[in-house]
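Encoded as structure tokens, the structure appears first; notes follow it.
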RNA sequence: GACCCCAUCGUCUAGAGGCCUAGGACACCAGGUUUUCAUCCUGGUAACACGGGUUCGAAUCCCGUUGGGGUUGCCA
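Residue numbers (our numbering): 1 to 525.
Put into structure tokens, the structure is as follows:
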């Protein structure tokens with residue numbers, strides 16, 4: 001029995017983003033592969049958007065894709081007291097402080113610990129020197145160090161970093177005279193009772209430290225502490241910030257591995273410090289590459305196509321979308337792409353995840369979907385066709401048995417259920433004509449004469465596939481047209497389109513009356 | 001600006017120094033099968049961002065450049 005516990009932690013907004021659900025899929029696959037637990041945590045702290053309706057949409061999307069979760073799901077709003085308690089505890093232990101910068105009132109700020117070496121992964125990089133803009137005073141208080149670098153044009157470029165970034169800090173002027181030593185005033189500054197403003201500073205000398213962790217996808221990642229800042233964990237209005245809530249909940253849920261989007265790597269360093277401050281061991285991390293749109297840019301609200309529900313309503317199968325999404329940023333390492341869920345579970349490892357972003361290709365998804373549709377049991381296929389046809393104007397009046405026959409005939413050439421709407425040409429009385437096809441196949445006068453003769457022949461033949469074929473053949477042979485070469489004009493005349501199912505089957509399906517009416521109509525156009 | 005990450009055909013990817021005159025899939029093009037449409041089969045076009053190194057040998061290791069992305073104290 002594996003001890004792996006992973007979670008999917010979406011905020012329910014009414015739509016599940018394709019990038020989010022991909023993260024859910026990878027978490028699920030990892031958990032199932034390892035024989036661990038896949039947990040759900042609904043981050044519903046945005047009361048405006050996190051309506052019961054939005055939560056239902058989320059659950060439906062997960063169920064549709066077969067992402068079943070273990071144990072009771074956690075709702076983040078239920079953890080509010082725990083989050084506040086954690087913040088109070090950090091303040092009481094001197095690991096966080098209140099600060100009024102920017103907001104209205106005091107926020108709670110988590111301090112990157114001064115004794116950072118206590119945290120596994122933190123190490124000394126070595127001595128560091130920074131030339132700073134001499135006109136800009138260096139200010140130091142418990143919130144950190146503010147200074148300005150010098151741009152190529154000699155202008156000041158303001159920087160801010162946490163206090164912990166500057167171990168052994170000593171500040172010198174242009175002549176090399178020491179102006180300030182942090183060690184002399186450390187206690188007061190950390191306590192918030194002391195602060196310093198240093199004019200005419202030219203150089204910052206200190207010991208640089210960094211925090212390092214091993215990402216299961218991206219490998220070793222590190223960040224110098226002097227490029228980090230203390231983190232607000234409770235807003236001035238008392239609401240816990242994502243970082244605190246997230247870490248607290250992962251501790252509460254016993255998360256062992258966090259598998260999430262690339263955009264969280266920077267947060268990870270801060271979260272590791274938070275885990276330790278709260279007396280917990282940080283989980284292992286795996287950061288997945290982003291999914292980008294057709295322009296190669298990150299999906300934004302404007303990209304309407306990027307929600308799970310859209311793919312469902314456009315007629316993609318859950319299994320096909322699931323399969324396709326696993327191939328975005330991951331591959332089994334062999335030349336197979338269409339994989340069953342069982343195969344995916346057994347093949348999936350985080351180590352085989354890609355570290356660069358991936359672009360969705362609707363055409364490839366469509367192709368894969370077509371493969372899944374082709375091998376569906378006909379009855380199941382017909383049932384889903386009905387679902388997708390239900391809203392179509394011609395469906396209500398359609399004969400169920402006739403619909404059934406059409407669906408079976410069309411299965412092998414359907415790639416997405418949205419194509420069901422094109423079947424209107426088999427259901428309405430007179431179909432709409434594709435003018436390009438009509439111009440190509442129905443314009444010629446000799447063609448029209450032959451069509452008239454075909455119509456005559458179809459009036460009396462046996463109206464089944466064999467009879468229709470024989471009747472048409474007889475006419476075309478008399479007209480000295482090569483076998484089959486007259487099928488396209490007939491197809492366009494009868495269905496209005498140049499593509500469709502086998503012609504004789506189609507005519508048999510339509511029946512004699514409708515076929516003749518359509519031929520007549522085509523010739524009168 | 002600073003910090004961090006990324007970089008193989010149009011797209012998704014294989015590739016962990018010699019198996020690579022770079023393989024597969026989608027898309028595209030050309031043939032073929034099918035009396036027609038779709039399917040299917042065969043073949044083809046097409047990539048290691050650029051420049052330096054290391055090495056007998058680099059798509060694979062190192063450095064730089066360029067390009068893209070992420071983050072940058074009260075979004076999640």
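Even for Gly, the Cβ is constructed at its ideal location relative to N, Cα and C.
Meets three-Cβ-pair contact criterion under 8 angstroms: the stretch 430–443 and the stretch 489–498: In short, these stretches touch, since the Cβ pair count reaches three.
Status (buried if at least 16 other CB within 10 Å, exposed otherwise) for residue 524: Under this definition residue 524 is an exposed residue.
Residues near residue 46 in its chain [Cβ-Cβ closer than 8 angstroms; skip 5 each side]: Result list for residue 46: 11, 13, in chain order.
Continuous alpha helix (DSSP H) assignments of at least 4 residues falling wholly in the stretch 350–424: Listed in chain order, the complete alpha helix (DSSP H) runs (minimum 4 residues) inside the stretch 350–424 are 362–374, 378–389, 400–410.
Span separating the alpha-carbon of residue 456 from that of residue 484: Between residue 456 and residue 484, the C-alpha separation is close to 18 angstroms.
Residues bridged to residue 130 (per DSSP): Answer is 204, bridged to residue 130.
Residue 487 versus residue 423: straight-line alpha-carbon distance, rounded: Their backbone Cα atoms lie some 19 angstroms apart in a straight line.
Among 315, 232, 497, the one whose alpha carbon lies nearest that of residue 435: Residue 435 has its Cα closest to that of 497, out of 315, 232, 497.
Residue 289 versus residue 356 - alpha carbon distance: Going by the C-alpha atoms only, they are around 5 angstroms apart.
Residues bridged to residue 298 (per DSSP): Listed as beta-bridge partners of residue 298 by DSSP are 292.
Cα-Cα separation, residue 84 to residue 368: Their Cα atoms are separated by approximately 48 angstroms.
DSSP state of residue 6 mapped onto helix, strand, coil: Judged by DSSP in its simplified three-state form, residue 6 adopts strand.
Residues near residue 370 by beta carbon distance below 6 angstroms, same chain, minus five either side: If we look at residue 370 and ignore the five residues flanking it on each side, its Cβ neighbours are 415.
Coil, strand or helix - residue 136 by DSSP: In this structure, residue 136 counts as coil in the three-state DSSP scheme.
CA nearest to the CA of residue 187, picked from 78, 86, 114, 348: Closest by alpha carbon: 114.
Through-space distance from residue 392 to residue 378, alpha-carbon basis: The straight-line gap from Cα to Cα measures roughly 21 angstroms.
3-residue-minimum beta strand (DSSP E) runs that sit fully inside the stretch 184–241, ordered along the chain: Those beta strand (DSSP E) runs which fall completely within the stretch 184–241 and span 3+ residues are 196–198, 203–215, 219–224, 231–234.
Residues of its chain near residue 516, where Cβ-Cβ distance is below 8 angstroms and the 5 sequence neighbours each way are ignored: Closer than 8 angstroms at Cβ, skipping near neighbours: 455, 458, 459.
Sufficient close CB pairs (3 or more, under 8 angstroms) joining the stretch 155–172 to the stretch 73–83: The answer is no - the stretch 73–83 does not touch the stretch 155–172, with fewer than three Cβ pairs under 8 angstroms.
Residue 85: first and last residue of the uninterrupted alpha helix (DSSP H) it sits in: It spans 80–92 - the alpha helix (DSSP H) in which residue 85 sits, taken as one unbroken run.
Local conformation of residue 489 per DSSP, three classes: Residue state, collapsed to three classes: helix.
Spatial distance of residue 273 from residue 317 (CA atoms): If you take the alpha carbons of residue 273 and residue 317, they lie about 43 angstroms apart.
The stretch 345–360 / the stretch 395–412 touching (three or more Cβ pairs under 8 angstroms): By the C-beta criterion, the stretch 345–360 is judged not to be in contact with the stretch 395–412, since fewer than 3 inter-stretch pairs fall below 8 angstroms.
C-beta atoms of residue 247 and residue 87 nearer than 8 angstroms: The criterion of a C-beta distance shorter than 8 angstroms is not satisfied by residue 247 and residue 87.
Contacting residues, own chain, Cβ-Cβ under 6 angstroms from residue 324 (five flanking each side not counted): 365, 368.
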